[in-house]
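> Questions regarding the structure given below will be posed in turn.
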Amino acid sequence: MTAQVIDGKKIAAEIRKNLAERVAANEDSPVLAVVLVGENEASKIYVRNKKKAAAEVGIICEVFEFAETIGENALLASIEELNENPHVNGIIVQLPLPKQINPLKVLSCINPQKDVDGFSPYNIGLLASKEDEAVVAATPKGILSLLKSTGVDLCGKHAVIIGRSNIVGRPVSLLLLNNDCTVTITHSKTVGLAEIVRQADVLVAACGCPKMVKKDWIKPGAIIIDVGINRLEDGKLCGDVDFEKVSEVASYITPVPGGVGPMTVAMLLENTLEAAQKQKNSNKHHHCHCGKCHHN
Ligand code: NDP
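Numbering (the numbering used here) for the sequence shown: 1442 to 1737.
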């Protein structure tokens, strides 16, 4: 068997095209506020890419930059302002934050309706309790979308996840559980990893170990989602899966680059548009008694 390659780049481009049409059909452009603290070079590149991708679909992306030395209270106050600002639909805080700032406090401060990264404890809690209204983090949401693109029914499938991070492993596990998979979560302390992976109908590799997953770990016909982004000595990127060899036994596989990566930004933009639409609808139904509003 030779696996079919799941073309994340193409699927993400279709999603962005569809988003652009939906944004154009609305009166107001959604506004995404990006909070960037300090001088982390990688963060600056990610933010630049998000801004460019947002502009392409008609979403306004405003970057709020703060000095590396900003105090926690000052940062929390700025996020409160964005929470209160009716023109801002989505708020993301680019991680990592400088060491004087507790990221959990910052993520907890974001209004859950504006938390388009889905990293606030409130949205994680909704996802963990199988609530449909949870805002789901972009990478896990992109992974589910790639799995669904195969047309394979996920119900009852054994999904094995390698990695338990807050941004990928954990939320993707919950999402697949909510989609009726039987889920096994593995990590660096797991004993007998290869044996467990051999039972997977669906494998999500998110550990950051170049080409760790070998061909003889794979159940014939399994679907492989490779989240890993690793840079080799020759400068090339590779995933956590030995793509060439594993392709010989899997039914579907995502490449690196061109698989999960392009989906992540597309899903962030989709979350922003959906947040804007929800906020608009709830304002429509909201009868304010403040005496100042005219729309009641
Ligand atoms: P983290 O480093 O936060 O987490 C890695 C996880 O993998 C941990 O749970 C760790 O276990 C586990 N792990 C590490 N080594 C092994 C091993 N040898 N065997 C089994 N498990 C292991 O990484 P992230 O979750 O943030 O990212 C994972 C990968 O995905 C990275 O390559 C990253 O670059 C990529 N990524 C790609 C994105 C995309 O858009 N495509 C988005 C986000 C990440 P333990 O908990 O025990 O330490």
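Think of the CB as a built atom: it goes at the ideal place given N, C-alpha and C, for glycine as much as any other residue.
All of these numbers come straight from a predicted model, not from anything done at the bench.
1) Residue 1488 and residue 1504 look like a contact to me (Cβ under 8 Å); what is the Cβ gap, rounded to whole Å?
2) Buried or exposed: residue 1741, going by 16 or more other Cβ atoms within 10 Å of its Cβ?
3) Buried or exposed: where does residue 1672 fall if 16 or more other Cβ atoms within 10 Å of its Cβ makes it buried?
4) With DSSP as the reference, please indicate the residues paired to residue 1672 in a beta bridge.
5) By the three-class DSSP mapping on this structure, what secondary structure does residue 1477 have?
6) Starting from residue 1654, trace the beta strand (DSSP E) both ways and give me its first and last residue.
7) Below 8 Å between beta carbons: does that hold for residue 1603 and residue 1550?
8) Quick check on DSSP: helix, strand or coil for residue 1560?
9) Residue 1683 and residue 1654 look like a contact to me (Cβ under 8 Å); what is the Cβ gap, rounded to whole Å?
10) Let me know the secondary structure DSSP gives residue 1547 once reduced to three states.
11) Between the alpha carbons of residue 1564 and residue 1635, how many angstroms are there, rounded?
12) Can you check whether the CB of residue 1557 is closer than 8 Å to the CB of residue 1716?
13) Applying the criterion that 16 or more other CB atoms from any shown protein chain within 10 Å of the CB defines a buried residue, is residue 1445 buried or exposed?
14) Helix, strand or coil for residue 1646, going by three-state DSSP, please let me know.
15) Where residue 1713 and residue 1508 are concerned, what is the direct C-alpha to C-alpha distance, given to the nearest angstrom?
16) Which of the three DSSP states is assigned to residue 1711 in this structure?
17) If we call anything under 8 Å between Cβ atoms a contact, is residue 1620 one with residue 1587?
18) Given 8 Å as the limit, is there contact between the region 1601-1616 and the region 1576-1584, that is, 3 or more CB pairs closer than that?
19) Quick one: is the Cβ of residue 1627 within less than 7 Å of any heavy atom of the ligand NDP?
20) Using alpha carbons as the reference points, say which of 1678, 1534 and 1498 lies closest to residue 1466.
21) Starting from the Cα of residue 1518, find the closest Cα among 1531, 1500 and 1476 and give me that residue.
22) Just to check, is the beta-carbon of residue 1699 closer than 7 Å to a non-hydrogen atom of the ligand NDP?
23) Applying the 10 Å Cβ sphere with the 16-neighbour rule, what's the burial state of residue 1736?
24) Assign residue 1685 to buried or exposed, taking buried as 16 or more other Cβ atoms, counted over all protein chains shown, within 10 Å of its Cβ.
25) Out of 1533, 1455 and 1539, which has the shortest C-alpha to C-alpha gap to residue 1552?
26) What are the start and end residues of the alpha helix (DSSP H) that includes residue 1512?
27) Just to confirm, are residue 1625 and residue 1601 a CB contact at a threshold of 8 Å?
28) Closer than 7 Å to a non-hydrogen atom of the ligand NDP - does that hold for the CB of residue 1670?
29) Kindly indicate which three-state DSSP category residue 1690 falls into: helix, strand or coil?
Considering the structure as presented:
1) Contact between residue 1488 and residue 1504 is confirmed by a C-beta separation of about 6 Å, below the 8 Å threshold.
2) Because the chain in this structure spans residues 1442 to 1737, residue 1741 falls outside the shown range and cannot be described.
3) exposed
4) 1678
5) Per DSSP, reduced to three states, the secondary structure at residue 1477 is strand.
6) Where residue 1654 is concerned, there is no enclosing beta strand (DSSP E), given that its DSSP letter is neither H nor E.
7) Not in contact: residue 1603 and residue 1550 (Cβ atoms no closer than 8 Å).
8) Of the three classes helix, strand and coil, the one that applies to residue 1560 here is coil, per DSSP.
9) 6 Å
10) helix
11) If you draw a straight line from the Cα of residue 1564 to the Cα of residue 1635, it is about 33 Å long.
12) Closer than 8 Å, so yes.
13) exposed
14) strand
15) Those two C-alpha atoms are separated by around 26 Å.
16) helix
17) At least 8 Å separates the beta-carbon of residue 1620 from that of residue 1587.
18) yes
19) Yes, Cβ of residue 1627 sits closer than 7 Å to a heavy atom of the ligand NDP.
20) 1498
21) 1476
22) no
23) Only weak support exists for where residue 1736 lies, its pLDDT of 46 falling under 50; the value from the coordinates is given anyway. So residue 1736 counts as exposed.
24) exposed
25) 1533
26) Note, residue 1512: premise wrong, no alpha helix (DSSP H); not H, not E.
27) Cβ distance < 8 Å, so residue 1625 and residue 1601 count as in contact.
28) yes
29) coil
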